[in-house]
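**Q**
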Amino acid sequence: MTGGVTAPAVAAPGAAAAVPASDWLHVQGNQIVDEAGNPVWLTGTNWFGFNASERVFHGLWSGNITEITRSMANRGINIVRVPISTQLLLEWKAGTFGTVNVNTYANPELAGKNSLQIFDFWLQLCEQYGIKVMLDVHSAEADNSGHIHPVWYKGAITPELFYQGWEWVTNRYKANDTIVAMDIKNEPHGTPNDTTRAKWDGTTDIDNWKHTAETAAKRILAINPNVLVLVEGQEIYPREGETWSSPNTDPDLSPNYYYNWWGGNMRGVRDHPINLGANQDQLVYSPHDYGPLVFNQPWFDKPFDKTTLTNDVWRPNWLYLHENGTAPLLIGEWGGRLGQDPRQDKWMTALRDLIVEHRLHQTFWVLNPNSGDTGGLLLDDWKTWDEQKYALLKPALWQHGGKFVGLDHQVPLGGAGSTTGISLGQRYGDGGEGGDTTAPTAPGQPTASNVTATGTTLTWTASTDNTGVTGYDVLRATGSGAASVVATVSGTTYAATGLTPSTAYTFSVRARDAAGNVSAASAGRAVTTTAGGGGDEDRGCSATYKTISSWTGGFQAEVTVRNTGTTASSGWSVNWTYPSGTTVGSVWNGVLGTPAVTVRNVAHNGALAAGASTSFGLIGSGAAATPTVNCSAS
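Using the working numbering, you'd call the opening residue of the sequence shown number 84 and step up by one each time.
1) By Cβ distance, which residues of its chain are closer than 8 Å to V712, with the 5 residues on each side in sequence left out?
2) From Y368 to Q380, what distance separates their C-alpha atoms?
3) Checking 8 Å against the spacing of the C-beta atoms, do L558 and S546 come in under that value?
4) So, do the region 394–408 and the region 341–350 have three or more beta carbon pairs nearer to each other than 8 Å?
5) Relative to the alpha-carbon of K466, which residue among W107, P103 and S145 has its alpha-carbon at the smallest distance?
6) Please classify T253: does DSSP put it in a helix, a strand, or coil?
7) Helix, strand or coil: how does DSSP classify W655 here?
8) With a CB to CB cut of under 8 Å and the five nearest residues on each side skipped, what residues in its chain are close to V674?
9) Assign G517 to one of three DSSP states: helix, strand, or coil.
10) List the whole-angstrom C-beta distance separating L376 from Q423, where the pair is believed to meet the contact cut-off of C-beta under 8 Å.
11) Restricting to Cα atoms, I'd like to know which of G181, L691 and A604 is closest to N407.
12) What span of residues does the beta strand (DSSP E) with E641 cover, start to end?
13) Please give me, in chain order, every unbroken run of the alpha helix (DSSP H) with length at least 4 that falls completely inside the region 188–269.
14) S653 to I262, Cα distance in whole Å?
15) Please go through the same chain and pick out, in chain order, the residues whose beta-carbon is closer than 8 Å to the beta-carbon of T152, but skip the five residues on each side of it.
16) Of the residues T521, N549, G500 and Y555, which one's Cα is nearest the Cα of G527?
17) Put L701 into one of helix, strand or coil per three-state DSSP.
18) Quick one: what's got a C-beta closer than 6 Å to Q639's C-beta in the same chain, skipping five residues either side?
19) Where does A119 fall in DSSP's three states?
20) Within 8 Å, do at least three Cβ pairs link the region 481–495 to the region 164–175?
21) From the DSSP output, in three-state form, read off W345 for me.
22) Return helix, strand or coil for Y661, following the three-state DSSP convention.
23) Please classify Q427 as buried or exposed, where buried requires at least 16 neighbouring CB atoms within 10 angstroms.
24) Could you tell me the boundaries of the beta strand (DSSP E) in which N157 lies?
25) Could you spell out where the beta strand (DSSP E) holding Q445 opens and where it closes?
26) Sort out for me which residues DSSP pairs N291 with in a bridge.
27) Just the C-alpha distance for T274 and S532, rounded to the nearest angstrom, thanks.
28) Three-state secondary structure (DSSP) at N129?
29) Taking Cβ to Cβ, would you say A718 is nearer than 8 Å to N269?
30) Over what stretch of residues does the alpha helix (DSSP H) that includes K389 continue unbroken?
31) Short of 6 Å in beta carbon distance, which residues of its chain neighbour A299, apart from the five on each side in sequence? Order them along the chain.
32) Count the other CB atoms within 10 Å of the CB of Y188; is the residue buried (16 or more) or exposed (fewer)?
33) Please determine, among A474, P411 and L412, the residue with the shortest C-alpha to C-alpha distance to T432.
34) Which partner residues does N713 have in the DSSP bridge list?
35) Helix, strand or coil, according to DSSP, for E52 in the structure here?
36) Classify W634: buried if its beta carbon has 16 or more other beta carbons within 10 angstroms, exposed otherwise.
Have a look at this one:
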């Protein structure tokens, strides 16, 4: 619905909350809530085109804008992320309009309209069908490949004009609660080898994305303090002990930096969080994540599942922000083709399940069938849905009582008389969440056994729940510091590894159920690791070399390192000798050294519990070989 800003409705203790008159949203901990404090779930998709040279939604050359929008609403899309360019915002501000690529035979309702009028017409459709909108500055220039440029400024588009574009569009729609969110910039990225790249630190440098996002958000919220602002990550972040000046010793995967998807690396938030002052309750962090058909990241070259992806990729890069209650997460882009690579299907299913488990907000990439990397929810006729892909997405769309839930308090998702959707007012009209709202009981206090210099084994008494516990979060605090989630397990035991000798830790656990309810944390268990030492007979390792693939003049191999000792190791090193003419060109998840071929652990995989293993990969030149690998542990 459209209207002015109203004061939040406040429920009397124990009474049903009044239905708010407006649909603005804000943040409480890691949840997004409406003005009455009811939790909401933003579950939608992307529809691109306004960001590109066409300056209008793609597909209007054959599809009908009204039919497409109604179809999204009927199928449970409650928010649409709309990529746009700073250049187009500035053109709209100046009243400059070019010809748009719209088939008026298929879209008679758009005849004679310029791009801004088409956008406004579409907003009215969204209001009619109960859909909310998120604007996303996808690129500086109106360019079909503009997202490839790593930063928010380019050519005539300066950082100041970037801010002014956001200020103009915020002011234009500040009384229209159909647009409830602003994604400040799509996928900042770049590596140390790039002339221009986005970094995240405490400076005010022109390429510091953290400072830019904070500045843009404050200027947006000064105009409309009720709109959500989304901040994405970037591509790289320095590893422990490194800085933004550290060399990139490998152009693809450097041991000096943590790499992730463009926009998907949010490790910097831990050290340099976004600070919006009085408007902190409008901040949402928004990572992106993709599968191997978009890019074959190193974690796809070894066996993986939801647990390993969570522990190795998602938690250290962004999930920790949700688990620690820092802020909500909205995964702004995820998706891809199905049925072409089993790894792709496994990744997409695992991320979907993570989204559902934690009720993470999400906008699926993408509606458009003309997305070369991923394909779309629609097929090439811009009318028929890809039912296989939709079936995978559907569990991650907000549903209640067999119907999809919209974010408009008055208009059902799908519009008046909808048979598939309900409004937010209908959802909370009874003042209750409905369904399972009972959290599990707190687990028992963990006990600690097998305490070593670098690890311990934790065991606790199970929680009880009215529907059943699905997992436990393990929280760890160092000294008097705050606790953070370090793992999620399905059972009642956890082997903590990678600890520091002679250090005091406190461990606690909390339970989750299938509805996303989280228990109170257990009582903490204080553990102090030993000083280390122990004889060499307690430490040992083995290494297994495997050629993954080979081609004329080169090959790819993987080496698995296993701790064969009786105590945890803090580091390892392997070495071998190749035949003459065979060399190593690059290594990931390991550091290449000398003499001969020597590889040692990187910071994140050196500590191995007894019996545990890790692996690293390499690209070699010359003939593939299967050398004997020597291994030593420390």
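C-beta: ideal position from N, C-alpha, C; glycine also.
From a predicted model like this one, the values you see are computed outputs, not experimental measurements.
**A** For this structure:
1) A626, T627, Y628, V642, V657, N658 and W659
2) 22 Å
3) no
4) yes
5) S145
6) helix
7) strand
8) P338, V682, R683, N684 and V685
9) Caution is warranted here: a pLDDT of 47 is assigned to G517, below 50, making its placement in the model unreliable, and no coordinate value can be reported.
10) 6 Å
11) A604
12) G637 to N646
13) 198–212 and 242–255
14) 51 Å
15) W205, L208, C209, Y212 and I214
16) Y555
17) strand
18) I631, S632 and I702
19) coil
20) no
21) coil
22) coil
23) buried
24) From DSSP, N157 is part of no beta strand (DSSP E) but of the alpha helix (DSSP H) over I148 to N157.
25) H444 to F447
26) K282
27) 43 Å
28) strand
29) Outside the modelled stretch of the chain, which goes from 84 to 717, sits residue 718, for which no answer is possible.
30) K389 to L392
31) Y246, W249 and I267
32) exposed
33) A474
34) N658
35) Here the chain covers residues 84 to 717 and nothing more, so residue 52 does not appear.
36) exposed
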